[in-house]
Amino acid sequence: MRHGSLLTLVELYEVANNALVAQRRRVWNAIEAVEPGLAEELLQLFSTSDAASLWLLKASGANQPCPAKAIAEGSAAELRERVLRTLHGSAA
64 MRHGSLLTLV ELYEVANNAL VAQRRRVWNA IEAVEPGLAE ELLQLFSTSD AASLWLLKAS
124 GANQPCPAKA IAEGSAAELR ERVLRTLHGS AA
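Counting in this note's numbering, the sequence shown runs from 64 upward without gaps.
As structure tokens, then:
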């Protein structure tokens with residue numbers, strides 16, 4: 064038995080998800096262009112650009128911007144320090 068309304072919802076989700084994935088890739092490409100060293104360190108930490116871009120676009124708290132926004136607002140150096148501490152096992 065087909066469930067038309069469910070199928071429609073799934074199809075709408077797929078369209079929205081594809082758009083979200085494409086936008087996340089655009090953000091990652093922009094970060095690679097403006098902060099290539101940070102992007103390389105994020106790849107070391109997360110292994111894939113998909114995983115790194117998910118982290119970059121996730122807000123870390125109620126009043127904390129997502130890391131990608133922090134980079135755009137000029138806080139790349141602070142973020143890079145956090146990433147380096149994490150890579151080298153120090154408390155972030």
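We treat Cβ as the ideally placed atom computed from N, Cα and C, and that holds for glycine.
Predicted, not measured: the structure shown is a model, and the values here were computed from it.
- Excluding five sequence positions before and after L106, the CB atoms of its chain that fall closer than 7 Å to its own CB belong to S112 and A115, given in chain order.
- In the DSSP assignment, P130 falls within the alpha helix (DSSP H) that extends over P130 to A135.
- Within the DSSP bridge table, the entry for G124 names Q127 as partners.
- Nearest in C-alpha terms to G137, of all of G152, I94 and L117, is I94.
- Just measuring C-alpha positions, the residue of P130, L147 and H151 sitting nearest W91 is P130.
- Boundaries of the alpha helix (DSSP H) around R148: A139 to L150.
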